[in-house]
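When we follow this note's numbering, the leftmost residue of the sequence shown carries the number 7, and every step to the right adds one.
A virtual CB, placed ideally from N, CA and C, is assigned to each residue, including glycine.
One structure is given here, and the rest of the page talks about it.
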Amino acid sequence: MQVFILLSLRVIMLRTALFALLPLVSSMCFAETQAVDIYSQDQLLEMIRSEQYLAKVKQDECQLVQDIEARAEVLKQPLYQFLWGEMLNHGTCVKANAVKGMGLLREAAEQGSPEAMVKLAEYYQTGKFVIRNKDRAVNYLLPAAASGSLAARMMLVRLYGEGYGSPRDYEMAYNWLYNNVFTDEATKKKALSLLQVLAAKMPASAVARAQQEHLRTR
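Right, here's the structure in full:
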């Protein structure tokens, strides 16, 4: 009889322990399968600027592929065209398709996305996915730099310093970068180095004009 009572008590204690663990197990399972919210425009812009967009898509276990595709292909949102295009270019969560990916980047650039312009310029500068053409890279960078993109301005001044593009635009590009606001010393130091190289290709009078806050035409 005592043995029976002891066994019964052990069964009751085991059941109690299992019931106590159920909420914890359920919450863990829910956490593992919890849906990821689609990125806001601000979130996506920050991901692109920090070059973490593909890593973030993989980190989210590719749950947003269909949403990203819809926003790029159906809604034609430039930042999502950029993201979907890059996913296709690099085969992130989908089968690689650089032809379609580059087409999406061009569509985003045509809609005025500085991020897409800069990315296309990078590809033409390095020759990845396309034949290397630094003059074409300059053409993509000019409107992006005019819109205020620091990345575009840095790359544009570097390419001008290497002798690409038209000398007629040196003064304007110098003025944009020289008068840019920098949030860190390392970037400012790099910009000064690029400007120094470009200044060597310009008349002293042109450099003096370009260093004014507002560029004065001749």
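Self-check item: Spatial neighbours of R77 in its chain, beta-carbon cut-off 6 angstroms, leaving aside the 5 residues before and after
Solution: Sequence-distant Cβ neighbours of R77 in its own chain, meaning closer than 6 angstroms and more than five residues away, are Q83, Y86.
Quiz item: Is the beta carbon of S166 sitting closer than 9 angstroms to the one on D175?
Solution: According to the sequence displayed, residue 166 carries Tyr and not Ser. Going by C-beta atoms, Y166 is nearer than 9 angstroms to D175.
Quiz item: Which two residues bound the contiguous alpha helix (DSSP H) that contains D73?
Solution: For D73, the enclosing alpha helix (DSSP H) begins and ends at 71 to 79.
Quiz item: Could you check where the alpha helix (DSSP H) with L110 kicks off and where it finishes?
Solution: Counting along the chain, the unbroken alpha helix (DSSP H) around L110 starts and ends at 104 to 116.
Quiz item: F36 to L70, Cα distance in whole Å?
Solution: At F36 the pLDDT is 38, less than 50, meaning the model places this residue with poor confidence; the figure from the coordinates comes in the next sentence. Distance between the alpha carbons of F36 and L70: 18 angstroms.
Practice problem: Answer with buried or exposed for K125, where buried requires no fewer than 16 other C-beta atoms within 10 angstroms of its C-beta. | Solution: Buried, because 16 or more other Cβ atoms sit within 10 Å of the Cβ of K125.
Self-check item: Separation of Q72 from L198, as counted between CA atoms
Solution: Approximately 44 angstroms between the Cα atoms of the pair.
Exercise. Assign I44 to one of three DSSP states: helix, strand, or coil.
Key: I44 carries a coil assignment under DSSP once its states are collapsed to helix, strand and coil.
Quiz prompt | Contact under 9 angstroms by Cβ, S153 with G118 | solution = Going by C-beta atoms, S153 is nearer than 9 angstroms to G118.
Quiz item: Can you tell which of M93, L200, M160 has its C-alpha closest to the C-alpha of Y59?
Solution: Considering only alpha carbons, the answer is M93.
Quiz item: Quick one: what does DSSP say G91 is sitting in, helix, strand or coil?
Solution: Helix at G91.
Self-check item: Best match in T98, G91, E116 for proximity to V105 [C-alpha to C-alpha]
Solution: Ranking T98, G91, E116 by CA distance to the CA of V105 puts G91 first.
Quiz prompt | Straight-line gap, L204 to R142 (C-alpha atoms, nearest Å) | solution = Distance between the alpha carbons of L204 and R142 is about 19 angstroms.
Quiz item: If we ignore side chains and look at the alpha-carbon of each, how far apart do N95 and A102 end up?
Solution: For N95 and A102, the distance between alpha carbons rounds to 6 angstroms.
Exercise. Tell me whether E177 sits in a helix, a strand or coil according to DSSP, three-state version.
Key: Annotated three-state conformation of E177 is helix, per DSSP.
Quiz item: What three-state label does DSSP hand P149 in the structure shown?
Solution: In this structure, P149 counts as helix in the three-state DSSP scheme.
Self-check item: Buried versus exposed call for P29 [16 or more other C-beta atoms within 10 Å across all chains shown]
Solution: Legend: pLDDT at P29 = 44, less than 50; position of this residue unreliable, value from coordinates given subsequently. P29 is exposed by the Cβ-count criterion.
Quiz item: Taking the continuous alpha helix (DSSP H) assigned at K125, which residues delimit it?
Solution: Residues 120 to 132.
Practice problem: Assign S46 to buried or exposed, taking buried as 16 or more other Cβ atoms, counted over all protein chains shown, within 10 Å of its Cβ. | Solution: Sixteen is the threshold: since fewer than 16 other Cβ atoms of the shown chains lie within 10 Å of the Cβ of S46, the residue is exposed.
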